[in-house]
Amino acid sequence: MNYTGSDNIFIGYQAGFYNNGNGNAFIGYKTGLNNISGSQNAFIGYQAGQNNSTGGNNSFIGFNAGFNNTTGADNAFIGTYAGLSNTTGNDNAFIGHATGTYNTTGTGNAFLGTYAGYANTTGIGNAYVGIRSGQNTTTGNGNTFLGGAAGFGNTTGEQNTYIGQNAGFTGNSTGSQNVFIGVNAGVDIPSTVVNNAVAIGTNAIVTQSNSVVLGGTGVNSVHVGIGNRSPSAKLHITTGIANTSGIRLENLTRSSPASVLNARKFLTVDPDGNVIMGSISDNAQEPMGASLWQLRGTFLQSTQGEAVIIGQRVNKAPSGYKLYVEEGILTEKVKVAIKTSSDWSDKVFEKGYKLKSLHEVEQYIQKTGHLPGIPSAQEVVKQGINLGQMDAKLLEKIEEITLYLLDVKKEVDSLREENKLLRQELKNYKR
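In this note's numbering, the protein residues as written are 5 to 435.
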């Protein structure tokens, strides 16, 4: 029983029954049943958008898609139960079975994949891509979860970035501002909550806030290479310049007061560049003399160009390396320099960039188990991660996701335009 609405297309039992809006297309049993003044909507599927009253510019496709939407506008819900509970939320895109099912007032969210964002109610500005990604998040804002079950353990945490299958899957339900990258990266105990923490690598686990963990343990432990491609130690630095270490301690200089007086041990390097413990006692692994060191300006240098070894089990460091740390290095900050702009990922937005179709991406994932251009778990375990290159690759994937979402928007806009033309043709035909 359409009342005063015009330019509408209603197909199905009681589709648009109480409609007063204009420019709508309702197809299916009771689609848009209670629409009062909502306009420019497209509802397709059993009871899709049934309770919409004034919401406009919505596209609901699928069984019960957008069923409870009342005033929400500019939404795209595609899939069975997609956006089922949405009432007033705006500017959302839910694609996949049961995506955003319990979203009520959440705004500006993008959920792609079965059960992605399933429990979200009022969360704002979230992006979940992958089956069950962010499934249990209810009110968290500003999260980015990419990968199957990524962010599965999150409920109210905000501004987290989890990338990789099962990244952030366990616990950390209320943690915020974390970065977990890699399969199963995150915390390993359900009750653990961390904030501002980073875990990068397959099975990389972080258990305290304000911490950065690279790699897992055991077979998942990694070597960090700086300036090289195949690090042979926990930290492997290659400067490419002879007789330079590549390490700078800005706040600890020659003029800094000694924290320990009369110390008899020191750090030095072996012929292969490994950092080792030296001593001025008779028990030193290598004898020390004044001739081994020289001052050059404000720098202390080895006169022989030898390396430094930290650790007791190494007597000779690999050729070409100036520092060897046996059990690793703990630092509060790591900065990776990018040599040229070509090493970054702005190329995604340049003309001529070849963006793979989602079908191609799906086939690639099914075949390899990871995204195109991203190293496999085996490669990461074997070669480690170059932080600069990996950050560029991850940004590239985020930018590609942006392009995919823009394509979705274009398709939605195209559908709207087609609907508009169809309505005009129908109107002309009736005349």
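Heads up, the beta-carbon is just placed ideally off N, CA and C, and yes, glycines get one too.
Bear in mind the structure is a predicted one, so any value in this text is a computation, not a measurement.
If contacts are defined as beta-carbon pairs under 8 Å, then Thr108 and Thr126 qualify, I think. What distance do you get, rounded to the angstrom? 6 Å
Assuming the contact rule is C-beta atoms closer than 8 Å, Gly392 and Val226 should be a hit. Round their C-beta distance to whole Å, please. No, Gly392 and Val226 are not in contact; Cβ-Cβ is about 16 Å, not under 8 Å.
Which full runs of the alpha helix (DSSP H) of 4+ residues lie inside the stretch 32-61, going along the chain? none
Does Leu410 come out as helix, strand or coil in the three-state DSSP assignment? Annotated three-state conformation of Leu410 is helix, per DSSP.
Option nearest Val318 by Cα separation, candidates Ala189, Lys424, Ile82, Ser236: Out of Ala189, Lys424, Ile82, Ser236, Ser236 has the C-alpha closest to the C-alpha of Val318.
State the beta-bridge partners of Thr272 as determined by DSSP. Ile280, Ile313
Excluding the 5 residues flanking Phe98 on each side, which residues of the same chain have their C-beta closer than 6 Å to its C-beta? Phe81, Ala86, Gly87, Gly104, Phe115.
Between Pro194, Ala131, Leu239, Asn72, which lies nearest to Gly151 when the distance is taken from Cα to Cα? Of Pro194, Ala131, Leu239, Asn72, the residue nearest in Cα terms is Ala131.
Can you grab the Cα-Cα spacing for the pair Gln428 / Val187, in whole Å? 51 Å
Restricting to Cα atoms, I'd like to know which of Val412, Val279, Arg420 is closest to Gln44. Per the Cα distances, Arg420.
With three or more C-beta pairs closer than 8 Å as the rule, is the stretch 174-184 touching the stretch 192-208? yes
For Ser180, write down the residues that DSSP places opposite it in a beta bridge. DSSP, once it has assigned bridges, lists no residue as partnering Ser180.
In chain order, what are the residue ranges of uninterrupted beta strand (DSSP E) at least 3 long that sit wholly in the stretch 173-241? 183-185, 202-204, 216-218, 228-230, 239-241
For Ile167: DSSP bridge partner residues: Leu150, Ile185
Could you check the C-alpha separation between Glu330 and Glu415 for me, to the nearest Å? 56 Å
What residue range is occupied by the uninterrupted beta strand (DSSP E) comprising Val133? 131-133
Ala288 versus Asn247: straight-line alpha-carbon distance, rounded: Confidence is the limiting factor: at Ala288 the pLDDT is only 44, short of 50, which leaves the residue's position unreliable, though a coordinate-based value still follows. Approximately 23 Å, taken between the alpha carbons.
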